[in-house]
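Working notes, beginning with the structure itself.
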Amino acid sequence: MSTSTASDARQPLVGLGRAELSALFAEMGEPKFRAKQVWSWLYAHGVTDFEAMTNLSKPFRARLQDRFTLARPDIVTELASTDGTIKWLLRLPDGNEVEMVFIPEEDRGTLCVSSQVGCTLTCKFCHTGTQRLVRNLGPYEILGQVMLARDRLGEWGRKEEKRRLTNIVMMGMGEPLYNFENVRDALLVAMDGDGIGFSKRKVTLSTAGVVPMMERAGDEIGCSLAVSLHATTDEVRNEIVPLNKKYPIAELLDACRRYPGVHNARRITFEYVMLDGVNDSDADARRLARLLKDIPSKVNLIPFNPWPGSAYVRSPDERILKFQDIVANEGLMPAPIRRPRGEDIMAACGQLKSASQKLKRADRDRLAAEASAA
Ligand code: SF4
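So the mapping is simple: the working numbering equals the position in the sequence shown, first residue as 1, plus 431.
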């Protein structure tokens with residue numbers, strides 16, 4: 432496989448959309464159909480070597496090889512949980528690192544994809560929230576996670592009904608709506624029927640509640656929406672999801688009502704982490720049912736997954752079951768309890784974190800100079 436290193440000055444081809452490929456090949460003096468040919472090699476066949484693009488002339492392949500790379504992010508570690516979950520730590524061309532997780536279930540396989548190195552939000556129950564934002568990921572780095580997972584799972588060329596990777600959730604490190612354009616561009620390629628071909632229903636973007644961007648996400652991406660709600664009063668939500676101080680619950684739920692394409696067959700998923708004594712009372716369950724009653728909703732109850740230094744405790748099983756019963760019966764909505772997955776490898780919801788740190792500009796410049804001298 433081609434590899435990507437900090438000293439590789441070639442541009443990644445992965446991540447470019449149809450219009451960008453067309454513009455690129457027009458600029459290289461190539462005929463119009465070139466973009467379609469290369470698109471198909473990239474996203475329908477997943478090739479990692481220009482030599483495999485057999486319907487392109489040898490000189491053109493050599494020109495591509497000189498300017499571009501087909502690299503995916505580099506794998507630093509690949510950890511497999513006893514429950515089948517796989518977590519990868521990935522290194523990006525500039526040396527920063529992010530995590531992605533594959534969660535196999537009986538009827539589906541979900542890839543949890545990161546959108547940022549670190550996160551600006553500081554949700555109190557989330558390990559990523561303790562890591563300052565280093566930077567946004569580019570389309571290559573977001574789509575590259577999906578392509579790499581397909582490489583590792585042997586998905587290219589496999590019939591749809593035989594695929595292990597069936598769903599994508601933008602629920603890894605970072606807030607996707609704070610990196611809107613790059614996430615949009617990557618997902619539009621992932622959802623293109625002539626390529627990777629995930630249906631819009633099987634791609635979910637999860638937000639902590641960046642209200643002003645939600646409508647655009649629905650219009651311009653059109654995938655399913657998940658909202659990290661986690662509390663039923665502004666007082667508690669201000670504490671555990673501090674973004675709530677900017678966009679309180681009422682505003683957030685209004686934006687959910689307006690989310691394009693929402694109806695009973697296409698519900699919004701509300702994520703609700705179960706924190707002992709914080710947000711898990713009967714009164715919370717009743718309020719949650721009331722708050723969501725006029726929104727086509729599904730509530731995912733997530734038993735809290737602890738991480739080193741976390742301040743919370745998981746609600747006891749009986750409490751979670753009682754909470755679920757009230758939400759399902761009074762809210763008349765599905766409220767499944769999400770079984771923690773990959774806990775033994777710190778891959779469960781809210782546990783992701785990489786060692787990348789925000790560097791001072793002088794340190795960044797020094798590292799970049801060292802990398803290009805190497
Ligand atoms: S839950 Fe999401 S938005 Fe909140 S800190 Fe973690 S990664 Fe950031």
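For every residue, glycine included, the Cβ atom is placed at its ideal position computed from N, Cα and C.
Rounded distance between the beta-carbons of residue j and residue i, thought under 8 Å
| i | j | result |
| --- | --- | --- |
| V641 | L608 | 4 Å |
| I599 | L542 | 5 Å |
| T635 | S655 | 4 Å |
| N695 | P739 | That pair is no contact at about 41 Å. |
| K631 | T597 | Not confirmed; about 13 Å, so no contact. |
When the options are compared against residue i, the one with the closest alpha-carbon
| i | options | result |
| --- | --- | --- |
| R770 | I506, V758, L752, M764 | L752 |
| I671 | V565, S728, S545, V709 | V709 |
| T551 | R563, L596, V544 | R563 |
| A700 | L660, D685, D480 | Just to set this straight, residue 700 is Thr in the shown sequence, not Ala. Per the Cα distances, L660. |
| A786 | A617, T485, A681, T559 | T559 |
| A686 | V704, R717, G649, G603 | G649 |
| C780 | K489, V544, P443 | V544 |
| P490 | N610, E461, K467, Y703 | E461 |
| P767 | G773, K729, F735, M777 | K729 |
| I627 | E592, M578, T663, G605 | M578 |
| G526 | K593, V565, R721 | V565 |
Residues of its chain near residue i, where Cβ-Cβ distance is below 8 Å and the 5 sequence neighbours each way are ignored
| i | result |
| --- | --- |
| A483 | W472, H476 |
| T513 | D775 |
| S433 | With a pLDDT of 38 at S433, under the threshold of 50, the predicted position of this residue should be treated as unreliable, and no value is reported. |
| G446 | G569, P570, Y571, E572, I573, L574, G575, D616, A617, V620 |
| R494 | M459 |
Distance cut-off 7 Å: residue i Cβ against heavy atoms of the ligand SF4
| i | result |
| --- | --- |
| C543 | no |
| E592 | no |
| G560 | yes |
| E606 | yes |
| A639 | yes |
| G781 | yes |
| S659 | yes |
| L552 | yes |
| C687 | no |
| C557 | yes |
Extent of the continuous alpha helix (DSSP H) run through residue i
| i | result |
| --- | --- |
| R717 | 713 to 722 |
| F754 | 748 to 762 |
| S453 | 449 to 458 |
is_contact[residue i, chain C] using C-beta, thresh 8 Å
| i | result |
| --- | --- |
| V532 | Of the protein chains in the structure, only one exists, and it is not chain C. |
The beta strand (DSSP E) enclosing residue i, as first and last residue numbers
| i | result |
| --- | --- |
| K631 | Looking at the DSSP string, K631 is not in any beta strand (DSSP E), and its letter there is neither H nor E. |
| L542 | 540 to 543 |
| R400 | One cannot answer for residue 400 here, as it falls past the ends of the chain, which runs 432 to 805. |
Residues near residue i in its chain [Cβ-Cβ closer than 7 Å; skip 5 each side]
| i | result |
| --- | --- |
| E865 | As shown, the chain starts at 432 and ends at 805. That puts residue 865 outside it, with no answer to give. |
| A440 | none |
Residues near residue i in its chain [Cβ-Cβ closer than 6 Å; skip 5 each side]
| i | result |
| --- | --- |
| A511 | I517 |
| L798 | Note on L798: pLDDT 49, under 50, position unreliable in the model; the coordinate value appears next. Here the set comprises nothing. |
| P679 | D665 |
| K555 | I671 |
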